[in-house]
Amino acid sequence: MKRFLFIIFAFILSMHIALAANSVTDTLHEGEIETYDLEGTPYMVVVNSVNEATPHTANFIVNGQSTTDLEDEQSFKFFDDSSIQIRSFSLNATDSNNDAVTFELRLNRAPMINMPLSRTLIEGDALALNLTQFSSDPDGDTLAFSVLAENTSAVDCDISAGMLTAQAHTGFVGNSPCTIEVSDSPSNSAQPRTANDTITFIVQSKDFSFGVPNLLSVGNAFAGKTVSQTYTITNQGNMPLTNINVTHSIDAAYQATISIGNVTQLDPGRSATATLTLTIPKNERNGQRTIGSIQYRAVNNASASSAVQINVEGRLRISQLDVIVDTE
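Yeah, the sequence shown ends on 1551 if you go by this note's numbering, and it's all consecutive.
Set out below in structure tokens:
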């Protein structure tokens, strides 16, 4: 019996010795709680927010009760300040039996990434984004980027040297999300952390068309008189047209003017009324003739951020001008 008790005592003593020499190396993340067992009693190391340059305490919690009683436990205060950069520290925890564990705690805050909600692309075109403009690391760690998810049948997302290149497939029109992951490389050998965010690429069609009549018949016009004819122009594309510009190649003798009112933007599917006014020369003779054409141009701003501009053009040919010489 004594031999058995001695064996039990020796085993317990060896456990105490082992615990006294025990050490834990771990990474604590901001706001995380880690639990360690010391002589069957759970000790929890709590790291509070480290976003402020004020002292914080890594407390030990015994049986669910927070304590900073230094008779049994030791606490460690640290600063998180850009000028101090304390990101690793050690502390010793002891219980009432003087069993101890040494904790080496390495702090690492997660990087941040905030991608734009969307960018507009024209099918078949590409755009590049500098990912460092949308990400940061509170500890100043070096960042690496990767594509976490993409729709390879719509928009290919590739990353090189911190630059994201999005290539839209020809023939695809619609929305295509791309998820970017950023990871840090802690200088204190703590475990790396990651964050991710998603950007949606809105792919527009290249088929922008400016709908104008192919042929305009002015009808009867009297020599020496002014005649007007109205017609419509339509945005047959899928994005607004701006900077609408009207030119013509009508014989100067007809003193042609074209007006589309105060239209500064033509939304998809919308039409505007245009008016052509001609003054028939007094010496004009009877007969039908083609006197020229009208050209319409507009700019389609697919995305102000990507500076994609597409010029669209409509041409109207005046081929039916019946001039009647007024004999009055």
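C-beta atoms are modelled at their ideal positions from N, C-alpha and C, and glycine is treated no differently.
Residues that residue i bridges to, as DSSP identifies them
i: H1471; result: I1517
i: V1378; result: A1391
i: F1424; result: R1342 and S1399
i: I1481; result: L1499
i: A1476; result: Its beta-bridge partners do not exist; DSSP assigns none.
i: A1446; result: Answer is none; A1446 lacks a bridge partner.
i: N1506; result: N1506 pairs with nothing; no bridge assigned.
Other residues of its chain near residue i: CB distance less than 6 Å, five sequence neighbours each side excluded
i: P1361; result: R1332
i: T1500; result: S1451 and T1480
i: E1341; result: Here residue 1341 turns out to be Ser, not Glu, going by the sequence shown. Hits under 6 Å: T1423 and I1425.
i: I1483; result: A1495 and A1497
i: D1563; result: Since the first residue shown for the chain is 1224 and the last is 1551, residue 1563 is missing from the structure and cannot be characterised.
i: E1404; result: S1369, L1371, T1417 and N1419
i: N1374; result: S1399
i: T1402; result: L1371, A1372, N1419 and T1421
i: T1453; result: T1496 and T1498
i: T1393; result: E1346 and G1347
i: A1476; result: P1504
i: Q1478; result: T1502
Host beta strand (DSSP E) of residue i (start-end)
i: Y1454; result: T1449 to N1458
i: P1415; result: No beta strand (DSSP E) holds P1415; DSSP gives it neither H nor E.
i: N1331; result: Here N1331 belongs to no beta strand (DSSP E), and DSSP marks it neither H nor E.
i: L1387; result: M1386 to A1391
i: E1404; result: G1397 to S1408
i: V1370; result: T1365 to E1373
i: L1501; result: S1494 to T1502
i: L1352; result: A1349 to N1353
Cβ-Cβ distance between residue i and residue j below 9 Å
i: S1408; j: A1367; result: yes
i: N1372; j: F1424; result: Checking the sequence, you will find Ala at residue 1372 rather than Asn. No; because the gap between Cβ atoms is not below 9 Å, this pair is not in contact.
i: K1448; j: I1503; result: yes
i: I1456; j: T1487; result: no
i: P1334; j: S1359; result: yes
i: L1489; j: T1470; result: no
i: P1339; j: L1352; result: yes
Beta-carbon contacts of residue i that lie in its chain and below 8 Å, excluding the five residues immediately before and after
i: F1395; result: E1346, S1376, A1377, V1378 and V1426
i: G1492; result: T1457, N1458 and Q1459
i: K1505; result: A1446 and G1447
Own chain, CB closer than 7 Å to residue i, minus 5 neighbours either side, in chain order
i: D1474; result: I1514 and G1515
i: S1472; result: G1515 and S1516
i: I1336; result: F1357, S1358, I1403, V1405, A1418, N1419 and D1420
i: C1380; result: V1370, E1373, L1387, A1389 and C1401
i: N1485; result: none
i: E1551; result: Its pLDDT being 30, under 50, E1551 is placed unreliably by the model, and nothing is read from it.
Proximity test, Cβ basis, 9 Å: residue i and chain E
i: F1357; result: Here there is only one protein chain, and chain E is not present.
For the segment 1373-1388 against the segment 1410-1421, are there 3 or more C-beta pairs whose distance is under 8 Å?
Below 8 Å, too few C-beta pairs join the segment 1373-1388 and the segment 1410-1421 to call them touching: fewer than three.
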